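Numbering (the UniProt record's numbering), first residue to last: 1 to 256.
Notes to accompany the following structure.
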Amino acid sequence: MIEKINVLLLAGGKTKISLRKFTGIENKALIEIGSYPHGKPMILYVIESLKKAKYTNKIVLAGPKEVQKLVKDLVYLTISDGQTIFDTLKSGILPLKEDPLILISTCDIPLITEKHIDYFIEECYKCPGFDIYYPIIDKEIYQKSYPFSDLRRVYANLMEGSFTGGNILLINPRIIANFGEIINNFIYFRKHPLKMARLLGAQIALKYLRKYLSIQDLEKKVPELLGGYKGKAILSPPEIALDIDKPRHLKLLWNQ
């Protein structure tokens with residue numbers, strides 16, 4: 001039986017300049033998806049899916065006052081965001097710091113549904129004993145689902161294939177509290193596979209450059225960096241990867 005998991009929903013992201021000019025909205029969570037009169041802020045799509053999921057429990061939202069006001073009756077708790085993603089993570093985990101695992105989600109994945117969330121959690125629980133479960137999405141599967149060039153992703157080329165990362169994460173909150181610098185570095189370089197490999201050490205970077213780095217190599221490296229905490233990559237649905245960063249992303253989803 002899978003115990004229900006508390007959620008930290010990150011909603012403090014500012015829109016990039018190009019997206020801000022296109023929408024006139026500063027906070028990414030408040031950008032509307034869908035055509036009038038059925039459009040609504042994309043954070044509401046994410047909250048709806050999280051609340052419908054079988055394995056999620058309380059939702060703690062970290063974001064600015066305007067987002068907190070919008071969702072305060074929909075979530076368990078709202079708190080202020082920080083200056084950076086990592087600052088928001090640090091403050092966001094405080095109400096959940098005693099949990100063995102929490103689900104962390106960004107607010108900019110409006111196509112995610114409860115089925116995708118439940119699938120990810122179920123796959124994580126098939127592999128007990130890990131402290132971080134990170135979603136990876138196969139390039140071929142993503143491109144079959146979203147063949148548009150405007151929705152292209154950054155991929156890491158590994159022995160098992162090419163993969164992109166997702167926007168939800170199952171993690172022991174103590175890792176964020178105790179290994180802040182490492183987590184902050186991974187957040188900063190999350191869209192640069194080679195720089196990420198270098199953070200893991202010269203041997204990992206060399207294997208990546210020579211194209212014989214495996215998922216298992218990466219998983220074995222995690223405990224060395226995080227004081228024995230273990231990590232597991234989880235093959236996941238493409239909707240977990242599809243986030244909204246640029247006007248072209250929004251244009252493709254506007255009428256869905």
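Glycine residues also receive a C-beta, built at the ideal position from the N, C-alpha and C atoms.
Please read all numbers here as calculations on a predicted model, not as lab measurements.
query	result
Residues in the same chain with beta-carbon distance under 6 Å from I132, minus the five sequence neighbours each way, listed in chain order, please.	I171, G231
In angstroms, rounded to a whole number, what distance separates the CA positions of G161 and I2?	30 Å
Evaluate L111 with the Cβ neighbour count: other Cβ atoms within 10 Å of its Cβ, from every protein chain shown; 16 or more gives buried, anything less gives exposed.	buried
Classify T84 as buried or exposed, calling it buried when 16 or more other Cβ atoms lie within 10 Å of its own Cβ.	exposed
Please work out which residues of its chain come closer than 8 Å, Cβ to Cβ, to S18, disregarding the five sequence neighbours upstream and downstream, and give them in chain order.	K246, P247
Suppose the cutoff is 6 Å on Cβ atoms and the five residues either side in sequence are ignored; what does the same chain contact list for L213 look like?	L158, K207
Under DSSP, the alpha helix (DSSP H) around I117 begins and ends at which residues?	114-125
For residue 298, does the count of other Cβ atoms within 10 angstroms reach 16, so buried, or fall short, so exposed?	This structure cannot speak to residue 298, because the chain is shown only from 1 to 256.
I need the DSSP call for V75, collapsed to helix, strand or coil.	coil
Using a threshold of 9 Å, state whether the C-beta atoms of I33 and G39 are closer than that.	yes
Could you tell me if D99 is buried or exposed, where buried requires 16 or more neighbouring beta carbons within 10 angstroms of its beta carbon?	buried
Taking A156 as the reference, which of L8, E140, K144 has the closest Cα?	E140
Under 8 Å by Cβ, that's how I've got I78 and L61 pegged, so tell me the actual separation to the nearest angstrom.	The amino acid at residue 78 is misidentified as Ile; the sequence shows Thr. Between L61 and T78 the Cβ distance is about 5 Å, and since that is below 8 Å, they are a contact.
Determine the contact status of residue 263 and L199, defining contact as a CB-CB distance below 9 Å.	One cannot answer for residue 263 here, as it falls past the ends of the chain, which runs 1 to 256.
Going by DSSP, what residue range makes up the beta strand (DSSP E) through F163?	161-165
For I176 and I183, which I take to be in contact (beta-carbon distance under 8 Å), what is that distance rounded to the nearest angstrom?	6 Å
With distances taken Cα to Cα, identify the nearest neighbour of K4 among D118, V71, L44.	D118
Who are the Cβ neighbours of D138 in its own chain at under 8 Å, not counting the five residues just before and after it?	G161, S162, F163, L235
Following the continuous alpha helix (DSSP H) through A202, name the residue where it begins and the one where it ends.	202-209
Going by the DSSP bridge assignment, what does P135 pair with across the sheet?	I234
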